[in-house]
Amino acid sequence: MMGIVSHHRKPASAIRSDGQTDGTSAAVRHNPPVSHRTLLDLLLPSVCPLCTLANGPGLCSPCREELPELVRPCRWCGMPQTSTASDLACAHCADEGLPFLVQVTARWAYVERMVQLVGNAKAAGRPAAVKTCAGLMPVLDVDGPAVIVPVPPSPGRRTGPHLGTALARAVARQTGQPYACLLATTRLATEQHRLGAAARAHNVEGLFIAVGTVPANVVLVDDLLTSGATASAAAKALRMAGAQRVELVVLARTLKYS
Ligand SMILES: [Zn+2]
Ligand SMILES: [Zn+2]
């Protein structure tokens, strides 16, 4: 199936060109309040983390089939490609992708069901949603020894499980490569989603510093990719500390760069 994203069956609502939905999807309609969902995780660990259908652990089949998988994501920015004639790099990247990153692997579009699932995992800190996200990471074929490194949480963020850290641990298990926290933040920064594209790079300039011994080959892991400014700033810190090759793996990316 060709298109921006692939659904395994007809989606509940159309995805507009800006990646948003019409707001009336079944996904929105039967998503219970946050407090109820967190309680449900504790009482009923086998319910679907999206719709709360009690049909076994993890996503139920209808929710799983509605996840928006990226079609032919660009190897340098993860954006889906609409042309079958182009190579693995999109027109936006041309001959260069995100600064300091040699490759980007993304699996899902950050729309519809994925917005819900990540929201449940981050805002509500639901363990079942975090675990489900971990199981949906791209399957990696790591070339040679590497260290799996999470983009660290922002200082002062709300408590609860950090999704990026859980996803990095999942990638480490999947690839058999070691996991290490090799990045720290140097200061407080405004949350990136509150800023426009032009301000994002400035907001994270110098935000990260490498700690410990940085190996030659690093796989950087984060939950979401939008402009790439945060990932590039993290990769820059790793490169300055000795990494020769840094690639990025994310669960999902937005369908625009800002
Ligand atoms: Zn479900
Ligand atoms: Zn690209």
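Counting in the working numbering, the sequence shown runs from -9 upward without gaps.
The beta carbon of each residue, even a glycine, is placed where N, CA and C say it ideally should be.
DSSP three-state label for residue i, please.
{"i": "Pro52", "result": "helix"}
{"i": "Arg243", "result": "strand"}
{"i": "Val120", "result": "helix"}
{"i": "Ala174", "result": "strand"}
{"i": "Ser(-4)", "result": "strand"}
{"i": "Leu228", "result": "helix"}
{"i": "Ala44", "result": "coil"}
{"i": "Ala84", "result": "coil"}
{"i": "Ala136", "result": "coil"}
{"i": "Ala79", "result": "coil"}
{"i": "Ala200", "result": "strand"}
Can you give me the C-alpha to C-alpha distance between residue i and residue j, rounded to a whole angstrom?
{"i": "Arg235", "j": "Ala44", "result": "44 Å"}
{"i": "Ala242", "j": "Leu214", "result": "5 Å"}
{"i": "Pro117", "j": "Cys50", "result": "16 Å"}
{"i": "Glu237", "j": "Leu210", "result": "6 Å"}
{"i": "Lys112", "j": "Val(-5)", "result": "23 Å"}
{"i": "Glu55", "j": "Ser36", "result": "18 Å"}
{"i": "Pro205", "j": "Ala136", "result": "7 Å"}
{"i": "Arg229", "j": "Asn110", "result": "33 Å"}
{"i": "Arg163", "j": "Gly48", "result": "18 Å"}
{"i": "Asn207", "j": "Ala158", "result": "15 Å"}
{"i": "Tyr100", "j": "Val239", "result": "14 Å"}
Could you spell out the range, first to last residue, of the alpha helix (DSSP H) harbouring residue i?
{"i": "Glu102", "result": "Glu102 to Lys112"}
{"i": "Arg163", "result": "Leu153 to Thr165"}
{"i": "Val61", "result": "Where Val61 is concerned, there is no enclosing alpha helix (DSSP H), given that its DSSP letter is neither H nor E."}
{"i": "Arg97", "result": "Here Arg97 belongs to no alpha helix (DSSP H); instead the beta strand (DSSP E) covers Gln93 to Ala99."}
Quick one: give me the first and last residue of the beta strand (DSSP E) that residue i is part of.
{"i": "Ala233", "result": "Here Ala233 belongs to no beta strand (DSSP E), and DSSP marks it neither H nor E."}
{"i": "Asn207", "result": "Asn207 to Leu215"}
{"i": "Ala189", "result": "Where Ala189 is concerned, there is no enclosing beta strand (DSSP E), although the alpha helix (DSSP H) it sits in stretches over Ala187 to Val194."}
Check whether the Cβ of residue i lies closer than 8 Å to any Cβ atom in chain D.
{"i": "Ala242", "result": "Looking for chain D here will not work: only one protein chain is present."}
Under the assumption that residue i contacts residue j (Cβ atoms under 8 Å), give the Cβ distance between them as a whole number of angstroms.
{"i": "Thr220", "j": "Val194", "result": "5 Å"}
{"i": "Leu197", "j": "Ala179", "result": "5 Å"}
{"i": "Leu126", "j": "Thr165", "result": "So it is not a contact: roughly 16 Å between Cβ atoms."}
{"i": "Pro142", "j": "Ala119", "result": "Their Cβ separation, rounded to whole angstroms, is 21 Å, which puts Pro142 and Ala119 out of contact at 8 Å."}
{"i": "Cys251", "j": "Leu40", "result": "The first residue shown for the chain is -9 and the last is 248, placing residue 251 beyond what the model contains."}
Quiz item: Between the region 185 to 194 and the region 154 to 165, do three or more beta carbon pairs fall short of 8 Å?
Solution: no
Quiz item: Any contact of the region 94 to 108 with the region 53 to 73, i.e. 3+ C-beta pairs under 8 Å?
Solution: yes
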